[in-house]
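*Asks:* Protein sequences appear in the order of chains V and S. Add 1 to a position in the first sequence, counting from 1, and you land on the number used in the working numbering. Add 1 to a position in the second sequence, counting from 1, and you land on the number used in the working numbering. Even for Gly, the Cβ is constructed at its ideal location relative to N, Cα and C.
Number of protein chains: 2
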Amino acid sequence: MSALPPGITLPKGFRAEGLSSGIKRSLRPDLALWTSDRPAVAAGLFTTNRVKAAPVELSAERLRDAPDQARAVVVVSGVANALTGPVGRQDSLDVMDATARALGIPPSYVLHAATGIIGPRIPVAKVLDALPRAVAGLSTGYEAGHRAAQAILTTDTVTKEAGATAHLADGTRVRVGGMAKGSGMIAPAMGPLHATTLAFLTTDARVSVPGLQQILQQGTDRTFNMVSIDGDTSTNDTLLALANGAAGGPLADDDPAFREAVGSVLEQLARAVARDGEGATKLLTVNVHGAQDIAEARRAARAVASSLLVKTALFGADPNVGRVAAALGYSGAYFDSGDLAVELVDGRKRWPLIQGGVPAPGLENGEGKRLHTVLQRLEEVVLEIGLGQGPARATAWGCDLSYAYVHINAQYHT
Amino acid sequence: MSALPPGITLPKGFRAEGLSSGIKRSLRPDLALWTSDRPAVAAGLFTTNRVKAAPVELSAERLRDAPDQARAVVVVSGVANALTGPVGRQDSLDVMDATARALGIPPSYVLHAATGIIGPRIPVAKVLDALPRAVAGLSTGYEAGHRAAQAILTTDTVTKEAGATAHLADGTRVRVGGMAKGSGMIAPAMGPLHATTLAFLTTDARVSVPGLQQILQQGTDRTFNMVSIDGDTSTNDTLLALANGAAGGPLADDDPAFREAVGSVLEQLARAVARDGEGATKLLTVNVHGAQDIAEARRAARAVASSLLVKTALFGADPNVGRVAAALGYSGAYFDSGDLAVELVDGRKRWPLIQGGVPAPGLENGEGKRLHTVLQRLEEVVLEIGLGQGPARATAWGCDLSYAYVHINAQYHT
Numbered sequence: 002m003s004a005l006p007p008g009i010t011l012p013k014g015f016r017a018e019g020l021s022s023g024i025k026r027s028l029r030p031d032l033a034l035w036t037s038d039r040p041a042v043a044a045g046l047f048t049t050n051r052v053k054a055a056p057v058e059l060s061a062e063r064l065r066d067a068p069d070q071a072r073a074v075v076v077v078s079g080v081a082n083a084l085t086g087p088v089g090r091q092d093s094l095d096v097m098d099a100t101a102r103a104l105g106i107p108p109s110y111v112l113h114a115a116t117g118i119i120g121p122r123i124p125v126a127k128v129l130d131a132l133p134r135a136v137a138g139l140s141t142g143y144e145a146g147h148r149a150a151q152a153i154l155t156t157d158t159v160t161k162e163a164g165a166t167a168h169l170a171d172g173t174r175v176r177v178g179g180m181a182k183g184s185g186m187i188a189p190a191m192g193p194l195h196a197t198t199l200a201f202l203t204t205d206a207r208v209s210v211p212g213l214q215q216i217l218q219q220g221t222d223r224t225f226n227m228v229s230i231d232g233d234t235s236t237n238d239t240l241l242a243l244a245n246g247a248a249g250g251p252l253a254d255d256d257p258a259f260r261e262a263v264g265s266v267l268e269q270l271a272r273a274v275a276r277d278g279e280g281a282t283k284l285l286t287v288n289v290h291g292a293q294d295i296a297e298a299r300r301a302a303r304a305v306a307s308s309l310l311v312k313t314a315l316f317g318a319d320p321n322v323g324r325v326a327a328a329l330g331y332s333g334a335y336f337d338s339g340d341l342a343v344e345l346v347d348g349r350k351r352w353p354l355i356q357g358g359v360p361a362p363g364l365e366n367g368e369g370k371r372l373h374t375v376l377q378r379l380e381e382v383v384l385e386i387g388l389g390q391g392p393a394r395a396t397a398w399g400c401d402l403s404y405a406y407v408h409i410n411a412q413y414h415t
Numbered sequence: 002m003s004a005l006p007p008g009i010t011l012p013k014g015f016r017a018e019g020l021s022s023g024i025k026r027s028l029r030p031d032l033a034l035w036t037s038d039r040p041a042v043a044a045g046l047f048t049t050n051r052v053k054a055a056p057v058e059l060s061a062e063r064l065r066d067a068p069d070q071a072r073a074v075v076v077v078s079g080v081a082n083a084l085t086g087p088v089g090r091q092d093s094l095d096v097m098d099a100t101a102r103a104l105g106i107p108p109s110y111v112l113h114a115a116t117g118i119i120g121p122r123i124p125v126a127k128v129l130d131a132l133p134r135a136v137a138g139l140s141t142g143y144e145a146g147h148r149a150a151q152a153i154l155t156t157d158t159v160t161k162e163a164g165a166t167a168h169l170a171d172g173t174r175v176r177v178g179g180m181a182k183g184s185g186m187i188a189p190a191m192g193p194l195h196a197t198t199l200a201f202l203t204t205d206a207r208v209s210v211p212g213l214q215q216i217l218q219q220g221t222d223r224t225f226n227m228v229s230i231d232g233d234t235s236t237n238d239t240l241l242a243l244a245n246g247a248a249g250g251p252l253a254d255d256d257p258a259f260r261e262a263v264g265s266v267l268e269q270l271a272r273a274v275a276r277d278g279e280g281a282t283k284l285l286t287v288n289v290h291g292a293q294d295i296a297e298a299r300r301a302a303r304a305v306a307s308s309l310l311v312k313t314a315l316f317g318a319d320p321n322v323g324r325v326a327a328a329l330g331y332s333g334a335y336f337d338s339g340d341l342a343v344e345l346v347d348g349r350k351r352w353p354l355i356q357g358g359v360p361a362p363g364l365e366n367g368e369g370k371r372l373h374t375v376l377q378r379l380e381e382v383v384l385e386i387g388l389g390q391g392p393a394r395a396t397a398w399g400c401d402l403s404y405a406y407v408h409i410n411a412q413y414h415t
């Protein structure tokens, strides 16, 4: 596996387009479309929120009904189409049906997602007007994928795109592409079917339906489900993967190189989502080792990455080790206070923060001031945490909490 | 039961004092002492955080060893004495022993709590120097209780004091007093032994050890455990109750008037803590009815009161009903989207926000603007939420999330 240049999101047989349909008053892109030139195997993970947006329910239904016939994904941004009742469901069905008609494929081959404000309906007429333009613009290559990646954004400041290639055991070269959206209302996993943002993966590998679902779930558990921005779980979280087999070759279900490529794309996207957290100025990477098992390692890492007090301390470049210890303490992970070790990783240098369960020497005085300066400089802050219990490790990603987060989310929305 | 004027925190037989020992560089009060003139029955609730401050461990041990012999509570603010290892434990023992000596009572009769920065040690010499002054100043009445209530504060902007009286079935008049501290690092219950702040209750009623523990637990479950500011659970949460029996009369364990008085004091204090959340400009009260059972009602109410997106919307006076629905959706409480009803209570007027699972008519237009104005005006925002499932109800308290919250918590602390 080797990483490809950013933006290479469309493997063989996939095309995309993104444009403005007028949902967003700003006239920024708000309608994205992906297609596969042949039926693709599809897998999906959706929000566990009890209030599910109509597109979430409809995509989940279609994955159950025709998981090996996916041909298109249509996404709108600006409105979530959640809390819209039966009329909202019909609005999404109208968008999906129109997409199918414009592409000349059966309606059941179309998947759908949405993101934006909860409550308002999709302006269906505008979307229907724009769909023929989207279909006409469908194209391969970097620019088309990038336009689609732009059209799924809301409060994001940058697109999130990633790609990877893998050589299967028999030498077949397959590609994996992905794009994601997410910078607020993002929370850790709440269950086996919980994804945390919008993300779309495409691959030209040949994979079975259960194989793709399992690869997606496993990869998501250690990537998107380890990202936390603000602890709120959306009504619209959707992660879809399409595998169209255009690269040929053997079934890639159990091929380690393929799994690694999918994992790499998911991790690149998850880190990009954390880094672009609403108002964020720093990426926070929390590595936990020495946990009793992987579930505890994840719990501990997520608790630190999600703690508001750690996030605000990070924004202030305050080496407030007590807040890290407190977050570990309420995470539910087992450890003995006296075994706790925390380091700040700064390139090759490691700054001890907690050793043997107490703050590192000098932290309240000169050493603390030096660390303050280091934290001010770092754009990615990496914490290495040892629980001293067992062999399990995990990584979580987050960001700092700034004035801008409050500003973005306190705006009167209408 | 009738409410007493604020500040009446010291029932018969209790004295208090609060002063500056020099722990806080600002020379604000940082040492509080309460005593009972006779051995009191004591009960306590402590943080469930795995990283427990030394005072938490020591008070829990003393409650196990001598639950009917409490004579004094000594509290320091400014340092948490958490993450301090064995030397921290010895520091707290030294403070407790010195308190006992100064009062002429056995060391096992002294309870202890601390709040402040995690990591640094208690400056024991300063505290020991100040203790004789604290003992000399011990007094009954409003001013003494108020000085103690001031000395337990950290980032709080106001003291939290409450009192109530009750007439037992036989006519005996008993009093309940309480004071609390807390405005950050406050989270909902994480277990049966979880308290969420520092709070100290005193009563001159006669109660049994198990009776007092049970009354305290039940009252806390529906008051302090329903307050959320930022979701972080402290290493130092401590709630202590002392009942010295000075009022005489029968055992009050099962007396409804006494339970009501304790509940009233706890609720007054819990609301005061929520209202004084770090940087808060508004108190948020979330009433949930129609839940299947009380656990689900509490889960739903707490999810809304704890949601960062609800809190920031509140700060912006944004009637963002989608965020309320989303929080209910991930709370884990069962309901059907289509049954959901949410109202904003404004004195006698009720503004519909969600009806039958969709936003109330006009909310995206003129009605939304009117609500924006209403929310700007209200200092306490009350949401009335119906889940349409069953008879259970619950109330949670929170506050908005403002720029000031970020400012307070992003300060470099050394």
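Look up S/Glu-385 in the DSSP assignment and say whether it is helix, strand or coil.
*Replies:* Mapped onto the second sequence, residue 385 of chain S falls at position 384. S/Glu-385: strand per DSSP, three-state reduction.
*Asks:* Say whether chain S places a C-beta atom closer than 7 Å to the C-beta of V/Glu-365.
*Replies:* Here residue 365 of chain V refers to the residue found at position 364 of the first sequence. Output row for V/Glu-365: interface = yes.
*Asks:* I'd like to know whether the C-beta atoms of S/Ala-43 and S/Leu-243 end up nearer to each other than 7 Å.
*Replies:* For this step, residue 43 of chain S is matched to residue 42 along the second sequence. For this step, residue 243 of chain S is matched to residue 242 along the second sequence. Yes, these two residues count as a Cβ contact at 7 Å.
*Asks:* Go to V/Arg-300, then tell me how far its alpha helix (DSSP H) extends in each direction, as first and last residue.
*Replies:* In the first sequence, the residue the question calls residue 300 of chain V occupies position 299. 295-307 is the extent of the alpha helix (DSSP H) around V/Arg-300.
*Asks:* Does the stretch 257-268 of chain V come into contact with the stretch 102-122 of chain V, if we say contact requires no fewer than three beta-carbon pairs (one atom in each stretch) closer than 8 Å?
*Replies:* Verdict: no, contact absent.
*Asks:* Mapping DSSP to helix, strand and coil, what is V/Glu-58?
*Replies:* As a working mapping, residue 58 of chain V is identified with position 57 in the first sequence. Note: V/Glu-58 maps to helix in three-state DSSP.
*Asks:* What span of residues does the alpha helix (DSSP H) with S/Glu-144 cover, start to end?
*Replies:* In the second sequence, counting from the first residue as 1, residue 144 of chain S sits at position 143. Taken as a continuous stretch (DSSP letters only), the alpha helix (DSSP H) holding S/Glu-144 covers 143-152.
*Asks:* Could you tell me whether the Cβ atoms of S/Ala-248 and S/Lys-13 are closer together than 7 Å?
*Replies:* For this step, residue 248 of chain S is matched to residue 247 along the second sequence. For this step, residue 13 of chain S is matched to residue 12 along the second sequence. Yes.
*Asks:* Quick one: using the 10 Å Cβ neighbour count with 16 as the cut-off for buried, is S/Ala-137 buried or exposed?
*Replies:* Taking the second sequence and counting its residues from 1, the one referred to as residue 137 of chain S is at position 136. Label assigned to S/Ala-137: exposed.
*Asks:* What residues from chain S crowd round V/Thr-203, counting only those whose CB sits closer than 8 Å?
*Replies:* Your numbering for residue 203 of chain V matches position 202 in the first sequence. Within 8 Å Cβ-Cβ: nothing; V/Thr-203 doesn't reach chain S, min ~29 Å.
*Asks:* Determine, for V/Ile-386, whether the minimum Cβ-Cβ distance to residues of chain S falls below 7 Å.
*Replies:* On the first sequence, residue 386 of chain V is found 385 positions in, with the first residue counted as 1. So no, V/Ile-386 is outside the interface.
*Asks:* Going by the CB atoms, is the gap between S/Thr-166 and S/Arg-176 shorter than 7 Å?
*Replies:* Here residue 176 of chain S refers to the residue found at position 175 when the second sequence is read from its first residue. Here residue 166 of chain S refers to the residue found at position 165 when the second sequence is read from its first residue. Result yes, Cβ atoms of S/Arg-176 and S/Thr-166 sit closer than 7 Å.
*Asks:* Grouping DSSP H, G and I as helix and E and B as strand, with all else coil, what is V/Thr-166?
*Replies:* The residue given as residue 166 of chain V occupies position 165 in the first sequence. Strand.
*Asks:* List the residues of chain V whose Cβ lies closer than 8 Å to the Cβ of S/Thr-236, in chain order.
*Replies:* Taking the first residue of the second sequence as position 1, residue 236 of chain S is located at position 235. Residues of chain V passing the Cβ test: Gly-323, Ala-326, Ala-327 and Gly-330.
*Asks:* Considering S/Pro-353, what are the terminal residues of the beta strand (DSSP E) in which it resides?
*Replies:* On the second sequence, residue 353 of chain S is found 352 positions in, with the first residue counted as 1. Per DSSP, S/Pro-353 belongs to the beta strand (DSSP E) from 350-356.
*Asks:* Reducing DSSP to helix, strand and coil, say where V/Ser-140 ends up.
*Replies:* Counting from 1 along the first sequence, the entry for residue 140 of chain V is found at position 139. In this structure, V/Ser-140 counts as strand in the three-state DSSP scheme.
*Asks:* Hey, V/Ala-17 and V/Ala-170 are a contact pair by Cβ (cut 8 Å); roughly how many whole angstroms apart?
*Replies:* Against the first sequence, residue 17 of chain V aligns to sequence position 16. Against the first sequence, residue 170 of chain V aligns to sequence position 169. Not a contact, Cβ separation roughly 30 Å.
*Asks:* From V/Pro-133 to V/Ala-103, what distance separates their C-alpha atoms?
*Replies:* Looking up residue 133 of chain V in the first sequence gives position 132. Looking up residue 103 of chain V in the first sequence gives position 102. Looking at the two C-alpha atoms, the distance is approximately 6 Å.
*Asks:* If you draw a straight line from the C-alpha of S/Gly-8 to the C-alpha of S/Tyr-143, how long is it?
*Replies:* Taking the second sequence and counting its residues from 1, the one referred to as residue 8 of chain S is at position 7. Taking the second sequence and counting its residues from 1, the one referred to as residue 143 of chain S is at position 142. Only weak support exists for where S/Gly-8 lies, its pLDDT of 49 falling under 50; the coordinates are left without a value.
*Asks:* Would V/Leu-84 count as contacting chain S if we go by Cβ distances under 7 Å?
*Replies:* As a working mapping, residue 84 of chain V is identified with position 83 in the first sequence. It does: the Cβ of V/Leu-84 has a partner Cβ on chain S nearer than 7 Å.
*Asks:* According to the neighbour-count rule (16 or more other Cβ atoms, all chains shown, within 10 Å of its Cβ), is V/Ser-403 buried or exposed?
*Replies:* Residue 403 of chain V sits at position 402 when you count from the first residue of the first sequence. By the 10 Å Cβ count, V/Ser-403 comes out buried.
*Asks:* In chain order, what residues of the stretch 292-314 of chain V put their CB closer than 9 Å to some CB of chain S?
*Replies:* Under the 9 Å Cβ criterion, the stretch 292-314 of chain V contributes Ser-307, Ser-308, Leu-309, Leu-310, Val-311, Lys-312, Thr-313 and Ala-314.
*Asks:* With contact counted as at least three CB pairs below 8 Å, one residue from each stretch, are the stretch 387-397 of chain S and the stretch 287-294 of chain S in contact?
*Replies:* With the cut-off at 8 Å, the stretch 387-397 of chain S and the stretch 287-294 of chain S touch.
*Asks:* Near S/Gln-269, which residues of its chain fall below 7 Å by C-beta distance, leaving aside the five closest residues on each side in sequence?
*Replies:* Counting from 1 along the second sequence, the entry for residue 269 of chain S is found at position 268. Closer than 7 Å at Cβ, skipping near neighbours: Ala-163.
*Asks:* Quick one: is V/Ser-93 near chain B, going by C-beta distance under 7 Å?
*Replies:* Absent here is chain B; the protein component of the structure consists of chains V and S.
*Asks:* In whole angstroms, what separates the C-alpha of V/Ile-355 from that of V/Leu-345?
*Replies:* Your numbering for residue 355 of chain V matches position 354 in the first sequence. Your numbering for residue 345 of chain V matches position 344 in the first sequence. Cα to Cα, V/Ile-355 sits roughly 10 Å from V/Leu-345.
*Asks:* Please state whether DSSP places V/Arg-16 in a helix, a strand or coil.
*Replies:* Translated into the one-based positions of the first sequence, residue 16 of chain V becomes position 15. Strand at V/Arg-16.
*Asks:* Pull the bridge partners of S/Glu-344 from the DSSP assignment, please.
*Replies:* For this step, residue 344 of chain S is matched to residue 343 along the second sequence. S/Pro-353 and S/Glu-385, per the DSSP bridge assignment.
*Asks:* Looking at the secondary structure, which residues open and close the beta strand (DSSP E) in which S/Ser-78 lies?
*Replies:* Your numbering for residue 78 of chain S matches position 77 in the second sequence. S/Ser-78 -> beta strand (DSSP E) spans 71-80.
*Asks:* Taking the C-alpha atoms as reference points, what is the distance between V/Ala-301 and V/Gln-377?
*Replies:* Residue 301 of chain V sits at position 300 when you count from the first residue of the first sequence. Residue 377 of chain V sits at position 376 when you count from the first residue of the first sequence. Taking the straight line from one Cα to the other gives about 25 Å.
*Asks:* When the cut-off is 7 Å and only beta carbons count, does V/Phe-47 lie next to chain S?
*Replies:* Sequence index remark: in the first sequence, residue 47 of chain V carries index 46 (1-based). Judged by the 7 Å Cβ criterion, V/Phe-47 is not in contact with chain S.
*Asks:* Less than 7 Å separating the beta-carbons of S/Arg-32 and S/Leu-46?
*Replies:* The residue given as residue 32 of chain S occupies position 31 in the second sequence. The residue given as residue 46 of chain S occupies position 45 in the second sequence. In the sequence as displayed, the identity of residue 32 of chain S is Leu instead of Arg. Cβ distance not < 7 Å, so S/Leu-32 and S/Leu-46 don't count as in contact.
*Asks:* With 7 Å set as the bound, which would you pick, yes or no: does the beta-carbon of V/Val-289 sit closer than that to a beta-carbon of chain S?
*Replies:* Residue 289 of chain V sits at position 288 when you count from the first residue of the first sequence. No, because no Cβ of chain S sits closer than 7 Å to the Cβ of V/Val-289.
*Asks:* Report the residue from S/Val-80, S/Arg-65 and S/Ser-140 whose alpha carbon sits nearest the alpha carbon of S/Leu-11.
*Replies:* On the second sequence, position 10 is the one that residue 11 of chain S refers to. Ranking S/Val-80, S/Arg-65 and S/Ser-140 by Cα distance to S/Leu-11 puts S/Ser-140 first.
*Asks:* Work out the CA separation of S/Ser-308 and V/Gly-323 for me, nearest whole Å.
*Replies:* Within the first sequence, residue 323 of chain V is the residue found at index 322, counting from 1. Within the second sequence, residue 308 of chain S is the residue found at index 307, counting from 1. Answer to the nearest angstrom: the Cα atoms are 24 Å apart.
*Asks:* Any idea if S/Glu-279 is buried or exposed, counting beta-carbon neighbours within 10 angstroms, 16 or more meaning buried?
*Replies:* Walking along the second sequence from the start, residue 279 of chain S turns up at place 278. It counts as buried.
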